[in-house]
Each structure stands twice: as C-alpha cells, then as structure tokens.
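Visitor: First the structure, which I've put down as structure tokens, then a few questions once you've had a look.
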Amino acid sequence: MSVSRLAKGVLSSLASEPHPSAPRLSGLETLPRPRDVLRPGFLLGAATASHQVEGGNDNDWSEWEKGSFPDGTPHIKEGQVSGAACDSWNRFADDVALLRELGANAYRLSVEWSRLEPEEGAWNEAAADRYLEGMRLLRAQGIQPMVTLNHFTLPRWVAAQGGWENERTVEWIAAFTRRVARKLGGEVDLWCTLNEPNVLTTFGYMDGLWPPGVKDPKRGAQVLARMLRAHARMAAELREHDTVDADGDGQATRVGLSHHVRIFQPATRSPLDRVLAGFTDRFFNQAVVEANRTGRIQLYAPGVADIDEEVPGLKGSYDYLGLNYYTRDMLHSDLRSPKLSRLTVAEGRPVNDLGWELYPEGLYQVLMRYGREGLPIYVTENGMADTSGERRPDFLQRHFEALVRAASEGADVRGYFHWSLMDNFEWAEGYEPRFGLYRVDYSSPEKRREPTPAVATFQALARDLGLEPRARTDAA
4 MSVSRLAKGV LSSLASEPHP SAPRLSGLET LPRPRDVLRP GFLLGAATAS
54 HQVEGGNDND WSEWEKGSFP DGTPHIKEGQ VSGAACDSWN RFADDVALLR
104 ELGANAYRLS VEWSRLEPEE GAWNEAAADR YLEGMRLLRA QGIQPMVTLN
154 HFTLPRWVAA QGGWENERTV EWIAAFTRRV ARKLGGEVDL WCTLNEPNVL
204 TTFGYMDGLW PPGVKDPKRG AQVLARMLRA HARMAAELRE HDTVDADGDG
254 QATRVGLSHH VRIFQPATRS PLDRVLAGFT DRFFNQAVVE ANRTGRIQLY
304 APGVADIDEE VPGLKGSYDY LGLNYYTRDM LHSDLRSPKL SRLTVAEGRP
354 VNDLGWELYP EGLYQVLMRY GREGLPIYVT ENGMADTSGE RRPDFLQRHF
404 EALVRAASEG ADVRGYFHWS LMDNFEWAEG YEPRFGLYRV DYSSPEKRRE
454 PTPAVATFQA LARDLGLEPR ARTDAA
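What follows is the structure, given as structure tokens:
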C-alpha cells in the first residue's frame, strides 16, 4: 500500500469517528412519533441464532465447547456446553407465540448448516422440511422471516478441512446457499448471508478465543477476505435461485449481511491513540462496508495485512446493510500487544453485565454514518446483558429513541431486531449472560420462557407502530 493511500485511509477513518463530546439524545417526547417518521412496513422484531437456541447441534462449536486452552482454562466459561440450549428446534411454535405476544412483525433467525448437511454432500431433507414448516408458521402469523445462512458455526467436515482458511469453503457454502434458496425461497425474501465476519475473524483468528483458536492477525485478515468472497457468491446464488416474491412487494430477494459496528475512540489526546483508533476503525468497521461500494477487498494493518483485490460480484451485492450495535470502546495504544492497543470503558460510564458501556447515542451516530452509504439499513442486533432484567426497558427505549432520531434526520432505517428474543447460549460466555426479552429457566424440562420487564416496553413500541400484541394462548 502506498503512503498516500495509507494516509488517506487513516484520515477518512478519523474524520468519520464520532466525537466524544457529541450531543446526547433527548427524550422521545421531543422527537416525532415513530409511526410518523419510520417507513410503512417498518420491521420490529427480535433475533436469535441456531446454535444458541436450537439445541442438539453437532458442529465445530459443539466440539470446541469440550476443550480447554493450554493453561487448562475451559474454552467456555465454567466448562459449559450448549447442549439442549433453549430447545427451540422442538419448541419453535412456542417461540412464535412469544413474537406474537410482543407484537413483533419480524424475526431474524438462522439455519444451521451442520444440521442440513452433516456430511459433505449428505443433505438432511427432514431438517430442511422442518425449517420450511417454521417459515410457513411465521408467515401465517404475519411475521417476516429474515434468514441468516451462516451465524459463526461450521459443519465438522468443513472445519476438518481448514474451515475459512480453505478456499473450497467458498464453493461449499455457495452450494449450501443454493439448496436453501430453492427450499425456503417461497417463504423467505429477506436474506442475511453472514453474521459479523469481522467478529469471527477477531475472536477466532486473532485473539484465539473462539474456534479454531488461532492467534495470527495475518491469517485473520485472509479469512475476512475469504468470507467477503463467500458473501459475493452467496448473494449471487440467492438471486438466481430464490425467484418467489413471498410478501408481494415486488422483490423476490433482498440480500445483505449483518455487520458488527463498535465505536472506537482514542482514550487520550495522544497522536498514537488517534492513529491506532483510526486503523482499528477502518479494519473492523469500514472495510466490510466499503467492499460493497467498491467491489474490492481492502484490508490494511501495519505489519499484519495489505490486501487489495477486486472480487467479481462483490460491488453492489448488498440490497441492505445490517448493523449490529452494542457499545463503544476507548482505545489506548499499547505497543506490547499484538494488536498494538487495548480497549477500556470511558470513566464513569454505565456498563452491562459483561462490562460493555451503555452508549445509546452511539446507535444514532452509526446510523447517520452508514446512512451515507445510500443503502436501506436494518438494525439486525441491539441488546444488553442484564441478569436482573430491570435495566433493559430503559436500554430498549433509549436505543429506539436513537433510531427514531436518525430516521427523522434522513437515515433510511427499515427495521430493528432486538438481541435477543430469549436468553441463550452466549458463545464463550456460556449461559451466564442474560440478553433475552424473555428469561429462560434452563432447569425446567420445557425450558420455560418468562417475560422480563422489557416485554411491556417492546409491546408499547409495537402499538405505537400500529402492531397488535396478542396473548400467548392466541398466538400459535
């Protein structure tokens, strides 16, 4: 990469970086009513992922859960395994009932590649039929499915052959996408190819905390590039093989991905903090978005990666941009770290149970920033770990205020999916973090779901949008 291109990239990242003194949001009473601002057909829903809720999955993650790091520390907190999870595979109708009780008109969920293709070329038609039945049930209840094709996990046979480090995985996941599109396309119009490729890259190939447990930033950058190549292939397969307009809006297929965005701000006025915040922002936040605009994968990190390649079919491959937003980080330069920095929380700021800063004004900032891309935006994840459930109503209310504010100022926001519908298996953190609108009693045979206080908040938002929550007994 030339010095001029490097400087331009850093400066553009710093220019788009929200300033720490950006104005805080006022209350919803000072904003237009949501129904007067948000587009007709706005999607208000919740989100889950197959491995986190279905139970009974057999993939690279279920294998990882059994292991430990070299120092003996279990891969998953307290040695927990996903096991039966929320048993949603067998209790999907119960989950649909929760959605109707909320007044939701959309549900973001994923299909499990390892369940559909447990061995290379061995397609599980019974599992595919079960997924189709679920999509039909959602449609019958007036709920739009947004289907994620890959939410972190891989079949064991893919992982055994190198996973995302094997170029053949692009072909394998394209073939998988083709079969899912043909099977579910009659009920699904809204597709998400990949969930958070930047997060999987960071935790799985840089920090070594997720499978496959690699600590090599250079390999991580190559994996991120390969996942973007896979997205381009998956998008093409969806558009070719899902030709049925399920909801009658004139579009048989709308394709995007879910991109995790964190706000990185320099912790001090140090020039090094500012430069590294810019590099981090560009690598983590910007590269995935720019790939759609330019058709090029451009990844640069000092001494780690210098990738610049054009990918057929990548340019313009997003019909929408999905944004997963949770928090901001203050970045301190640390030349002893492989990533040259460490992240902290701004002093005195409130945090969730995982220590993430609660920063609702950040959602407004990212919606305005990425609204400039000219794409419709769905907030595909937003939520907080809150065991008590008492702070979640304010979190939900204030983040929805941020969304309404952004929409009132021109951001083309088409939907909001709260993470998550119910408590679930939260990857390396196991079952301790509670993100659900509904609390799950894992000790009960039926994995009983009970409403948290945020359910009433969600229902109020739904009513304001003209949606009708229904009692659970009438829902499914």
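If you count the sequence shown from 1, position 459 lands on 462 in the working numbering, and the numbers rise without skipping. Idealized CB from N, CA, C, for every residue including glycine.
Using the rule of at least 16 other Cβ atoms within 10 Å of the residue's Cβ for burial, across every protein chain shown, is A459 buried or exposed?
Guide: Under this definition A459 is an exposed residue.
Visitor: Extract the residue ranges of the beta strand (DSSP E) inside the region 356-395, only unbroken runs of 3 or more that lie entirely within it.
Guide: Here the runs fully enclosed are 380-384.
Visitor: DSSP three-state call for P454: helix, strand or coil?
Guide: Of the three classes helix, strand and coil, the one that applies to P454 here is strand, per DSSP.
Visitor: With respect to the beta strand (DSSP E) encompassing H244, which residues constitute its N-terminal and C-terminal limits?
Guide: Note, H244: premise wrong, no beta strand (DSSP E); alpha helix (DSSP H) at P220 to H244.
Visitor: Would a C-beta distance cut-off of 8 Å place V258 and T196 closer than the cut-off?
Guide: Result yes, Cβ atoms of V258 and T196 sit closer than 8 Å.
Visitor: Classify E471: buried if its beta carbon has 16 or more other beta carbons within 10 angstroms, exposed otherwise.
Guide: It is exposed - the Cβ of E471 has fewer than 16 other Cβ atoms within 10 Å.
Visitor: What residues in its chain sit with their C-beta under 6 Å from that of F51, if we drop five residues either side in the sequence?
Guide: First, the amino acid is wrong: residue 51 is Thr here, not Phe. Cβ neighbours of T51 beyond the five flanking positions: L112, S423 and L424.
Visitor: For a minimum of 3 consecutive residues, which ranges assigned as the beta strand (DSSP E) are wholly contained in the region 58-113?
Guide: Runs found: 109-113.
Visitor: Go ahead and pull the three-state DSSP assignment for D192.
Guide: Coil at D192, not helix or strand.
Visitor: In angstroms with no decimal places, state the Cα-to-Cα distance between A49 and L141.
Guide: If you take the alpha carbons of A49 and L141, they lie about 13 Å apart.
Visitor: Can you tell me where the alpha helix (DSSP H) holding P276 begins and where it ends?
Guide: The sequence as given places Asp at residue 276; Pro does not occur at that position. That run of the alpha helix (DSSP H) goes P274 to D284.
Visitor: Tell me the DSSP secondary structure of E168 in three-state form.
Guide: It is helical.
Visitor: Express the C-alpha separation of S261 and T383 in angstroms, rounding to a whole number.
Guide: The alpha-carbon atoms of T383 and S261 are separated by roughly 6 Å.
Visitor: Assuming contact is defined by CB atoms lying nearer than 8 Å, are F282 and A304 in contact in what I supplied?
Guide: A contact, by the Cβ cut-off of 8 Å.
Visitor: Measure the alpha-carbon distance for A162 versus I380 and round it to whole angstroms.
Guide: Distance between the alpha carbons of A162 and I380 is about 32 Å.
Visitor: Report, in whole angstroms, the separation of the C-beta atoms of A184 and H244, which I expect to be a contact under 8 Å.
Guide: Right, their Cβ atoms sit about 4 Å apart.
Visitor: May I ask you to list the residues that DSSP assigns as paired with A49?
Guide: According to DSSP, which records beta bridges pairwise, A49 is partnered with Y110 and H421.
Visitor: Which two residues bound the contiguous beta strand (DSSP E) that contains P148?
Guide: Taken as a continuous stretch (DSSP letters only), the beta strand (DSSP E) holding P148 covers Q147 to N153.
Visitor: Give me the residue from Q147, V291, N60 and N62 with the minimum Cα distance to S99.
Guide: For clarity, residue 99 is Val in the given sequence; the question names Ser instead. Out of Q147, V291, N60 and N62, Q147 has the C-alpha closest to the C-alpha of V99.
Visitor: Of all the options A465, R473 and N355, which has the alpha carbon lying nearest to the alpha carbon of P37?
Guide: The residue with the shortest Cα to Cα distance from P37 is A465.
Visitor: To which residues does DSSP link M333 through a beta bridge?
Guide: M333 is bridged to Q268 and T347.
Visitor: Nearest by alpha-carbon distance to E120: which of C89, Y367 and N60 is it?
Guide: Checked all of C89, Y367 and N60; the closest Cα to E120 is N60.
Visitor: Apart from the five residues just before and just after N198, which ones in its own chain have a Cβ nearer than 6 Å to its Cβ?
Guide: Once the five neighbours on either side are set aside, the close Cβ partners of N198 are T151, H154 and S261.
Visitor: How far does the beta strand (DSSP E) with Y441 in it extend, from its first residue to its last?
Guide: Element bounds for Y441: Y441 to D444.
Visitor: Sort L366, L46, S91 and E81 by Cα distance to R451 and report the nearest one.
Guide: R451 has its Cα closest to that of S91, out of L366, L46, S91 and E81.
Visitor: Please report the residue range of the alpha helix (DSSP H) in which R299 lies.
Guide: Unbroken run through R299 is the beta strand (DSSP E), R299 to A304; no alpha helix (DSSP H).
Visitor: Please state whether DSSP places R257 in a helix, a strand or coil.
Guide: Three-state DSSP puts R257 in a strand.
Visitor: Can you look up N201 in the DSSP assignment and give me helix, strand or coil?
Guide: If DSSP states are grouped into helix, strand and coil, N201 belongs with the helices.
Visitor: Would you decide whether A109 is buried or exposed? Buried here means 16 or more other CB atoms lie within 10 Å of its CB.
Guide: Buried is the call here.
Visitor: Inspect the beta-carbon positions of V369 and Y321 and report whether they are closer than 8 Å.
Guide: For V369 and Y321, no; Cβs fall outside 8 Å.
Visitor: Please report the distance separating the alpha-carbon of A238 from that of A107.
Guide: Between A238 and A107, the C-alpha separation is close to 27 Å.
Visitor: Opposite H262 in the DSSP bridges: which residues?
Guide: Per DSSP, L326.
Visitor: Which residues in the same chain as A130 place their Cβ atom closer than 6 Å to its Cβ, once the five residues preceding and following it in sequence are excluded?
Guide: So the qualifying residues of the chain are R118 and L119.
Visitor: Across the region 311-326 and the region 224-236, are there enough close Cβ pairs to call them in contact, namely three or more that are closer than 8 Å?
Guide: Yes: at least three Cβ pairs fall under 8 Å.
Visitor: Here's the rule: buried if 16 or more other CB atoms are within 10 angstroms of the residue's CB, otherwise exposed. What is A474?
Guide: Classification of A474: exposed, given that the 10 Å Cβ count is below 16.
Visitor: Quick check on the burial criterion: 16 or more other C-beta atoms within 10 angstroms. Buried or exposed for S24?
Guide: In this predicted model, S24 has a pLDDT of only 32, less than 50, meaning its place in the structure is not dependable; the value taken from the coordinates is given anyway. Classification of S24: exposed, given that the 10 Å Cβ count is below 16.
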